[in-house]
Amino acid sequence: MQFSFKKFFFIGGALLLAVTGFAQKIRKPQPPNILIIVSDDHAFQAIGAYGSKMMETPGIDRLAKEGAVFSNAFVTNSICGPSRACILTGKYSHINGFKDNLSKFDASQDLFVKRLQKAGYQTAWIGKMHLDTKPQGFDYWEILPGQGHYYNPDFITMSGETVRRTGYVTNITTELAEKWLDSRDASKPFCLVVGHKATHRIWMPDLQDLGKFDKKQFPLPDNFYDNYDTRYAAAHQDMSIEKTLRLGYDLKVMQTSDIMGAENYNRMNDEQKKVYSAYYKKIEKEFISKNLSGKALTEWKYQRYMKDYLATAASLDRNIGELLSYLDKTGQASNTLVIYLSDQGFYMGEHGWFDKRFMYEESFKTPMLARFPGVIKPGTVYKDMVMNIDIAPTALELAGVKIPGEIQGKSMLPLFKNKEQQARDAVYYHYYESGEHSVIPHFGVRTSRYKLIRFYQVADKWELFDLEKDPHEMRNIFDDPAYKTIQAGLMKRLKELITQYRDTDAEKLVGNQR
Ligand code: CA
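Going from the sequence shown to our numbering is simple: count from 1 and add 896.
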């Protein structure tokens, strides 16, 4: 065969092309992006995907349709700042040091985002963070100072400057998130946390949502007039719609001493004030003309609470929908794990309450949904008990980063991939703050059927609930002889979890020996 240069180059070129093509095929695909949306005080009772009849939430429900709803997602400590610290560290409050809203978070500790950065991720936190510290582990951040404001909110930027932005906080947070996504280095995967202020007290809706639910009457929860029989701590709280919810501050009527929460109202511009105040003046006028007292007054307060809360949630839902559309438009939806959760659950009148804190279901559970195309089967409902400390290890495993042994949460990736795994048989909880709303510090264990709670410090009390027979936790059966064996079993499990999670404060209280 005669040697031909032409042929040689042709074959050589073809080979080169084949090899390059092969190399491209076997090149590791870019790790998935991670988008975590954390709202504040959003109740699962107000989300369509959780069966809510209160309002429609098409934005959040999209995650359920295209992904999954977690019907048993729990927090370790049902309060704002500490919950975010648990998300970032994957550890309980007694380990990450941020036990109550009066603490300051030590951001120099190991955070999952720092490990993602090392693995080549671009990381950012935009919106409410509420950790009272300079963020660490983020390539970009722009956060609300403390609780932040609904109207014309201030944002702290990376240069240390505080910038006031005109508009409504939920919209602005979404805009800033999209702006960062537009401008970042697209050759790297991202992990973005979007922190919403909504639906935190004092539930100031966007102007376009004012009155959205005014034609609707909300049925009182069955246990709205709870007499707290058999539950000492529940009887001694200060978070009831009847006694604690304020007409001026919370419900924006009787605009006298705390006119619409003065600070919140005063930062509005004239245009905003005009619309906002016209709406609430009308409500106030109706309220005065009714001259309500007793139960009629309490129930009026409940209706107004619901209307303001849900109108505030409407913007949250719309903005979540907007961010999902953004991922569609920019072609990033298929390679992005989206997790939506609140920092904890909230009471929508159950037990007569608003607020959170208790280990009772409405505040112990948090809404949580996840979408991960090609991995999570659309329309899945996970009944497995998961926790907010599971997010850190999930993100790490997804990024191919080794999960440090100190992390107390459990990756949800095997669950997403439908792999056999040892499901949690129990979840452990510990609430510390002793102050606002007078909820007595407590810790406890919940299994799929039972819940054992120990209140301490202000009063030493035990509670036991059979969630199957008593889902609304109205009857404490701790002293019921029929539950003696159940109680002993739960006590044993509680002590084991206290040891497992190294909760030395609780250890002393239950007499655990190390
Ligand atoms: Ca909160």
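Beta carbons: idealized from backbone N, C-alpha and C, even for Gly.
Contact under 9 Å by Cβ, residue i with residue j
i	j	result
residue 1013	residue 986	no
residue 1283	residue 964	no
residue 1348	residue 1332	no
residue 1483	residue 1197	The structure shown does not extend to residue 1483, since the chain spans only 897 to 1410, so no value can be given for it.
residue 1184	residue 1200	no
residue 936	residue 1096	yes
residue 1027	residue 994	yes
residue 1260	residue 1320	no
residue 1114	residue 1248	no
residue 984	residue 992	yes
residue 1385	residue 1015	no
residue 1454	residue 1109	Within the shown structure, residues of the chain are numbered from 897 to 1410, placing residue 1454 beyond reach of any answer.
residue 888	residue 1160	It is not possible to answer for residue 888, since the shown part of the chain is limited to 897 through 1410.
residue 996	residue 1328	yes
residue 946	residue 1263	yes
residue 1345	residue 1390	no
Nearest neighbour of residue i, chosen from the options [CA to CA]
i	options	result
residue 958	1229, 1356, 1280, 1318	1229
residue 927	1388, 1376, 1293	1293
residue 1363	1355, 1372, 1357	1372
residue 1253	1356, 1159, 1211, 1136	1136
residue 1314	1305, 1270, 1341	1270
residue 1216	1112, 1073, 1304, 1175	1073
residue 1104	1054, 1149, 1214	1214
residue 1094	1365, 1285, 1066, 1390	1066
residue 873	1306, 945, 1390	Residue 873 lies beyond the range of the chain shown here (897 to 1410); nothing can be said about it.
residue 1029	1015, 1378, 1071, 1002	1002
residue 1079	1328, 1398, 956, 1226	1226
residue 1194	975, 1138, 1176	1138
residue 1286	945, 944, 966, 956	966
residue 1303	1177, 1187, 1397	1397
residue 956	1218, 1344, 1181, 1382	1218
residue 1337	1344, 1116, 1356	1356
residue 1163	971, 1186, 1100	1100
residue 1112	1173, 1176, 1206	1206
Nonlocal neighbours in the same chain, by C-beta distance under 7 Å from residue i, ignoring five residues either side
i	result
residue 1021	1031, 1034, 1037, 1039, 1089, 1091
residue 1402	1326, 1339, 1394
residue 948	941, 942
residue 1127	1359, 1372
residue 1334	1132, 1133, 1134
residue 1272	963, 964, 1266, 1312
residue 1098	1145, 1146, 1157, 1160
residue 1081	1018
residue 1290	1307, 1308, 1309
Cβ-based neighbour list, residue i, same chain, cut-off 6 Å, excluding 5 preceding and 5 following
i	result
residue 1062	1048
residue 1130	1124
residue 1234	931, 1267
residue 1140	1134
residue 1405	1352
residue 1076	1020, 1036
residue 1058	1050, 1052
residue 1317	1310
residue 1361	1347, 1369
residue 1410	Its pLDDT being 47, under 50, residue 1410 is placed unreliably in this model, and the coordinates cannot settle the point.
Per DSSP, cross-strand counterpart(s) of residue i
i	result
residue 1244	DSSP output for residue 1244 lists no bridge partner at all.
residue 1023	1039, 1091
residue 1056	Per DSSP, none; premise fails for residue 1056.
residue 935	1238
residue 1342	1323, 1347
residue 1361	1347
residue 930	1087, 1233
residue 1050	1060
residue 1267	1234
residue 970	1261, 1283
residue 1277	965
residue 1018	1086
residue 1136	1249
Sequence-distant residues of its chain with Cβ nearer than 8 Å to residue i (five each side left out)
i	result
residue 929	1085, 1086, 1087, 1088, 1228, 1231, 1232, 1233
residue 1298	1292
residue 1171	1103, 1106
residue 1118	1368
residue 1243	939, 1135, 1249, 1250, 1251, 1252, 1258, 1259
residue 1392	none
residue 919	Unreliable placement is indicated for residue 919, whose pLDDT of 47 sits below 50; the coordinate value is still reported in the next sentence. Around residue 919: no qualifying Cβ.
So, do the region 971 to 989 and the region 1229 to 1239 have three or more beta carbon pairs nearer to each other than 8 Å?
With a cut-off of 8 Å, the region 1229 to 1239 and the region 971 to 989 count as touching, because enough Cβ pairs lie within range.
Quick check: the region 995 to 1014 against the region 1313 to 1325, are at least 3 beta-carbon pairs closer than 8 Å?
No, they do not touch.
Contact between the region 944 to 961 and the region 1204 to 1215: three or more CB pairs below 8 Å?
The region 944 to 961, when compared against the region 1204 to 1215, does touch it at the 8 Å Cβ threshold.
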